[in-house]
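**Student:** So in UniProt numbering, spot 51 of the sequence shown is number 51, and the numbers just go up one at a time. Glycine residues also receive a C-beta, built at the ideal position from the N, C-alpha and C atoms. Everything numeric in this text was worked out from a predicted model, so none of it was measured.
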Amino acid sequence: MSGQLCKERLTILFCINMAGQKEQLLVVGKETLSRPFKHLSLNELPVNWQSNNKAWMTREIMTTWLTQLNRKMKLQNRKIILFLDNAASHHSHMNFTNVKIVFLPPISTAVCQPLDQGIIQNFKIEYRSLMLQHLLPKIDSASSASELANSINVLEALYFIQTSWNKIKATTIKNCFLKAGFPQTNQNVPDFDDEDDKFQASYRNLKNVIPFNFDDFVKIDKVVFTEENSIEIQVEPDLAEMSDSDDETIEEIAEPIVSYKDAFEHIALLKQFAKDDFIAFNLLKNVETHFETQLLKLNQSRPKQSTIIKFFQPN
């Protein structure tokens with residue numbers, strides 16, 4: 001995303017509570033982007049998927065979501081107060097039996113909104129990290145920035161979104177409520193947790209291999225509208241070329257050495273095969289992410305080879 005009216009977008013609704021619990025994410029995409037789900041039941045997705053032609057949050061989508069949340073609270077015999085940003089799309093004309101809506105003051109939302117105290121920021125760090133790790137092995141084979149960007153489809157993005165959301169710990173959420181001025185519950189909440197260290201470690205790893213400011217990259221979608229009103233990167237060389245087996249006499253037939261490039265191509269083929277089975281797709285993404293992480297660590301100790309800047313330099 002690079003501007004307020006960026007066409008390639010997904011809008012996400014986050015919902016958390018003071019106990020550190022997280023509701024299923026609601027993701028709004030474009031109607032044209034629903035094509036990857038043609039043979040996939042939306043119930044298999046890890047998120048609540050909605051769509052319109054601008055991928056914006058609307059009152060209709062918000063009202064539907066609030067109705068579902070109210071139904072869930074009613075079944076659980078719970079009554080809750082839901083604090084919302086005072087955005088036009090968040091207003092609903094309906095009254096709910098188990099959900100009381102309180103709008104945060106517009107001029108102080110950045111201070112008293114728990115999500116703005118580090119939760120969304122940490123989510124974005126994880127998401128951008130997963131995205132960059134996914135792109136690293138493809139830089140040498142891609143001919144342009146457009147081709148590189150197109151290697152991430154909606155299904156890939158949903159995997160990044162859900163994986164990043166899963167990494168946000170309950171203690172992090174509780175701390176953000178405290179920072180926003182909400183009273184502490186009777187549960188003991190530490191001032192800091194090891195999740196902060198993990199975020200910083202992920203931060204440092206990527207800063208070592210990209211030529212641009214990662215802080216700015218995390219905030220790149222800050223001005224993108226979500227409602228109507230409102231480097232040098234190294235790539236592992238082919239391991240087969242590093243083999244010195246020609247100097248030795250080996251009686252048995254040696255097993256072929258598979259390069260990272262070959263491995264990622266085969267995983268991509270398997271993901272294409274499993275595009276209608278999100279469980280299988282998710283397993284393959286876990287495997288791919290594992291090797292992307294290993295490649296990132298390996299590249300940090302090797303001479304620099306490829307640069308992502310080449311995609312943005314004039315011919």
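Could you pull the start and end residues of the alpha helix (DSSP H) that N122 belongs to?
**Tutor:** 119 to 135 is the extent of the alpha helix (DSSP H) around N122.
**Student:** Can you tell me which of the three DSSP states N48 falls into?
**Tutor:** If DSSP states are grouped into helix, strand and coil, N48 belongs with the strands.
**Student:** Count the other C-beta atoms from every protein chain shown that fall within 10 angstroms of the C-beta of R128, then say buried if there are 16 or more, exposed otherwise.
**Tutor:** Looking at its Cβ environment, which holds 16 or more other Cβ atoms inside 10 Å, R128 is buried.
**Student:** Would you kindly report the start and end of the unbroken alpha helix (DSSP H) that includes T63?
**Tutor:** From DSSP, the alpha helix (DSSP H) with T63 extends over 59 to 75.
**Student:** How many whole angstroms separate the CB atoms of K22 and I120, which I take to be in contact at a CB cut-off of 8 Å?
**Tutor:** Going by Cβ atoms, the distance from K22 to I120 rounds to 12 Å, so no, they are not a contact pair.
**Student:** Excluding the 5 residues preceding and the 5 following D85 in the sequence, name in chain order all residues of the same chain whose CB lies nearer than 7 Å to its CB.
**Tutor:** Closer than 7 Å at Cβ, skipping near neighbours: L104, T109, Q113.
**Student:** Applying the criterion that 16 or more other CB atoms from any shown protein chain within 10 Å of the CB defines a buried residue, is N299 buried or exposed?
**Tutor:** Burial call: buried.
**Student:** Is the number of C-beta pairs between the stretch 267 to 278 and the stretch 37 to 57 that are closer than 8 Å three or more?
**Tutor:** Yes, since at least three Cβ pairs between the stretch 267 to 278 and the stretch 37 to 57 fall closer than 8 Å, the two stretches touch.
**Student:** What are the boundary residues of the beta strand (DSSP E) that includes I101?
**Tutor:** Start and end: 99 to 103.
**Student:** Can you tell me which residues form a DSSP beta bridge with L298?
**Tutor:** Answer is none; L298 lacks a bridge partner.
**Student:** Using the C-alpha atoms, what's the distance from I125 back to L148?
**Tutor:** Using only the alpha carbons, I get a separation of about 20 Å.
**Student:** How close, in whole Å, do the beta carbons of F14 and L115 come, if the pair is a contact with beta carbons under 8 Å?
**Tutor:** About 6 Å separates the two Cβ atoms, so the contact holds.
**Student:** K271: buried (16+ other C-beta within 10 angstroms of its C-beta) or exposed?
**Tutor:** Label assigned to K271: buried.
**Student:** Report back the beta-carbon spacing between N52 and V28 to the nearest angstrom; my notes put them in contact at under 8 Å.
**Tutor:** Right, the Cβ-Cβ distance comes to about 7 Å (below 8 Å), so this counts as a contact.
**Student:** For L26, count neighbouring Cβ atoms within 10 angstroms of its own Cβ and tell me buried if that reaches 16, exposed if not.
**Tutor:** L26 comes out buried.
**Student:** Tell me, to the nearest whole angstrom, how far the beta carbon of A157 is from that of L10; I am working on the premise that it is less than 8 Å.
**Tutor:** At roughly 6 Å, the Cβ-Cβ gap stays under 8 Å, so A157 and L10 are in contact.
**Student:** Measuring straight from C-alpha to C-alpha, what distance separates A87 and M57?
**Tutor:** Approximately 10 Å between the Cα atoms of the pair.
**Student:** Answer with buried or exposed for N77, where buried requires no fewer than 16 other C-beta atoms within 10 angstroms of its C-beta.
**Tutor:** It counts as exposed.
**Student:** How big is the Cα-Cα spacing for K72 and I81?
**Tutor:** Rounded to whole angstroms, K72 to I81 spans 14 Å at the Cα level.
**Student:** Can you give the beta carbon distance from N122 to T172, rounded, assuming they're within the 8 Å contact cut?
**Tutor:** The Cβ separation is near 7 Å, so the contact holds.
**Student:** How would you call E292, buried or exposed, if buried means at least 16 neighbouring beta carbons within 10 angstroms?
**Tutor:** Result: buried.
**Student:** Leaving out five residues on either side along the sequence, give the residues of the same chain with a beta carbon under 6 Å from the beta carbon of G20.
**Tutor:** Excluding sequence neighbours, G20 sits near A170, I173, K174.
**Student:** With the cut-off set at 8 Å, would you say I152 and H134 are in Cβ contact?
**Tutor:** Result yes, Cβ atoms of I152 and H134 sit closer than 8 Å.
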